[in-house]
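S.K.: Numbering (our numbering), first residue to last: 540 to 966. A virtual CB, placed ideally from N, CA and C, is assigned to each residue, including glycine. Quick caveat, the model's predicted, so the values are computed rather than measured. I'd like to ask some things about the structure below.
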Ligand code: FE2
């Protein structure tokens, strides 16, 4: 067999060691020990971890890399971020958004991300962000799966033209229906917006991904409505709730009922740990609530959970490096998921769980899957999270698309015997 690329001696996230992966015609042709074949490219994994690509199920690509434009978020709150975004929106052009988004996509690919679900604000009558990101989606398709969510940032009912803009965006080809019920004027309007948006998705055969109850309000009830409408409209497994931070503050008895409803309707859950540990609890003195949704309990209830990065250098968050291992690490810490099994699961939350949310076809390390993978400078998923491991090689459709040198330090320490210097430390 002549193959395009042969990856030798890989460790896999499921614990298998010493595996070879043969890639041909963009797919995994074989994954087994000691493959003997002619190959266009041979890459030695040297026993290090090979994973399917990272998947970011929640991002805002129309705002990314805009930090400081037109000014910084002084309070650091969600609401000032939304106000600041309102100032930036009318100023930015299609070309500016495309330039920033493409820069971000390059960064994301170099960090081993193979797919991103990005919300795109449709509360702009010119649909500047939609026009830009549809173009970006086309341009990056050979190396990055970009799924777009029509997101009425200012409220589908609260903003006077959001409904018609949303329909226009979907007609233009945006993939998923979004929403923000907790930002509508009243709880009743929020609930009505969930019904309206789920009905729209059902009519068009689309998925739903709603920013839902992203607040510290223990009485917010939009997750309940989202679960109810998902069941009523037969959308099971096709609906995601993003953030769900109010669940952190809800009454425990109520949450025990709510989680059963969510599990019954196979709601997908997308916490965004970096952003919500930064934004939640801002009205608290001390103790300050963490605000992350109840990840271990939702996991135990059988829900599929994928961690998202949400923002990188934009009005809401001034840091970020497209590092899904950083996202997994923060999710792990905030949820206090420190057991070996839980830490390994946090790696799944930025890979296969998020791929399932996006409905990615051919994702995974199995024969016949797309030959998309990342070689990490780590022995296993937990070490990858601990080290925010270097992405030594990123492979897309059997081709090497990005490489980063390994992280190595040379020490030449005073007082240490000469024969021990210089000492090489790898991480
Ligand atoms: Fe978001």
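Does DSSP put residue 596 in a helix, in a strand, or in coil?
M.R.: For residue 596, the secondary structure class from DSSP, reduced to helix, strand or coil, is strand.
S.K.: Let me check one thing: in DSSP terms, what residues is residue 657 bridge-paired to?
M.R.: 598, 687
S.K.: Just verifying my parser: in three-state terms, what is the DSSP assignment at residue 834?
M.R.: helix
S.K.: Roughly how many angstroms lie between the CA atoms of residue 946 and residue 850, to the nearest whole one?
M.R.: 26 Å
S.K.: With the cut-off set at 8 Å, would you say residue 671 and residue 637 are in Cβ contact?
M.R.: yes
S.K.: Between residue 510 and residue 715, is the Cβ-Cβ spacing less than 8 Å?
M.R.: Lying before the first or after the last residue shown, residue 510 is absent from the chain, which here runs from 540 to 966.
S.K.: Given 7 Å as the limit, tell me if residue 614 has its C-beta closer than that to any heavy atom belonging to the ligand FE2.
M.R.: no
S.K.: Which of the three DSSP states, helix, strand or coil, is assigned to residue 759?
M.R.: coil
S.K.: Can you give me the C-alpha to C-alpha distance between residue 662 and residue 690, rounded to a whole angstrom?
M.R.: 8 Å
S.K.: What did DSSP end up calling residue 850 once you bin it into helix, strand or coil?
M.R.: coil
S.K.: Kindly identify the DSSP beta-bridge partner or partners of residue 782.
M.R.: 751
S.K.: State the beta-bridge partners of residue 577 as determined by DSSP.
M.R.: 541
S.K.: Of all the options 620, 935, 964, which has the alpha carbon lying nearest to the alpha carbon of residue 901?
M.R.: Nearest of 620, 935, 964 to residue 901, Cα basis: 935.
S.K.: Using the Cβ count rule (16 or more neighbours within 10 Å means buried), how would you classify residue 586?
M.R.: exposed
S.K.: DSSP puts residue 563 in a beta bridge; with which residues?
M.R.: 566
S.K.: At the level of alpha carbons, what is the spacing between residue 669 and residue 658?
M.R.: 10 Å
S.K.: Do residue 781 and the ligand FE2 come close, with the Cβ less than 7 Å from some heavy atom?
M.R.: yes
S.K.: Taking 7 Å as the line, does the beta carbon of residue 849 fall inside it for any heavy atom of the ligand FE2?
M.R.: yes
S.K.: Between 734, 931, 756, 777, which has its C-alpha nearest residue 748's C-alpha?
M.R.: 777
S.K.: So is residue 694 buried or exposed if we call it buried at 16+ other beta carbons inside 10 Å?
M.R.: buried
S.K.: Can you tell me whether residue 927 is buried or exposed? The criterion is at least 16 other CB atoms within 10 Å of its CB, across all chains shown.
M.R.: Label assigned to residue 927: buried.
S.K.: When the Cα atoms are used, what is the spatial distance from residue 803 to residue 905?
M.R.: Our two residues, residue 803 and residue 905, have alpha carbons roughly 30 Å apart in a direct line.
S.K.: Quick one: grab the DSSP three-state call for residue 583.
M.R.: In the structure shown, residue 583 sits in a strand (DSSP, three-state: E or B).
S.K.: Tell me, which residues are paired with residue 807 by DSSP?
M.R.: 779
S.K.: Would you mind stating whether residue 683 and residue 655 have Cβ atoms separated by less than 8 Å?
M.R.: yes
S.K.: Please report the Cβ distance between residue 809 and residue 597, rounded to the nearest whole angstrom; I am assuming they are in contact, meaning their Cβ atoms lie under 8 Å.
M.R.: Right, the Cβ-Cβ distance comes to about 5 Å (below 8 Å), so this counts as a contact.
S.K.: Using CA atoms only, rank isn't needed, just tell me which of 897, 941, 725, 784 is closest to residue 874.
M.R.: Of the candidates 897, 941, 725, 784, the residue whose Cα lies closest to the Cα of residue 874 is 784.
S.K.: For the alpha helix (DSSP H) that residue 897 lies in, which residues bound it at each end?
M.R.: Segment 891–897, the alpha helix (DSSP H) holding residue 897.
S.K.: Taking 8 Å as the cut-off, decide whether the C-beta atoms of residue 592 and residue 886 are in contact.
M.R.: no
S.K.: May I ask which residues mark the beginning and end of the beta strand (DSSP E) holding residue 639?
M.R.: Bounds of any beta strand (DSSP E) do not take in residue 639; it lies within the alpha helix (DSSP H) bounded by 633–649.
S.K.: In chain order, what residues of the same chain lie with their CB nearer than 7 Å to the CB of residue 919, ignoring the 5 residues before and after it?
M.R.: 550, 588
S.K.: Do you know how far the Cα of residue 554 is from the Cα of residue 883?
M.R.: The alpha-carbon separation between residue 883 and residue 554 amounts to approximately 11 Å.
S.K.: Near residue 779, which residues of its chain fall below 6 Å by C-beta distance, leaving aside the five closest residues on each side in sequence?
M.R.: 748, 807, 809, 896
S.K.: Going by DSSP in three states, residue 707 sits in which element: helix, strand or coil?
M.R.: helix
S.K.: Considering only the alpha carbon of each residue, which of 624, 594, 590 lies closest to residue 604?
M.R.: Comparing Cα-Cα distances from residue 604 to each of 624, 594, 590, the minimum goes to 624.
S.K.: Please list the terminal residues of the continuous beta strand (DSSP E) segment that includes residue 948.
M.R.: 947–950
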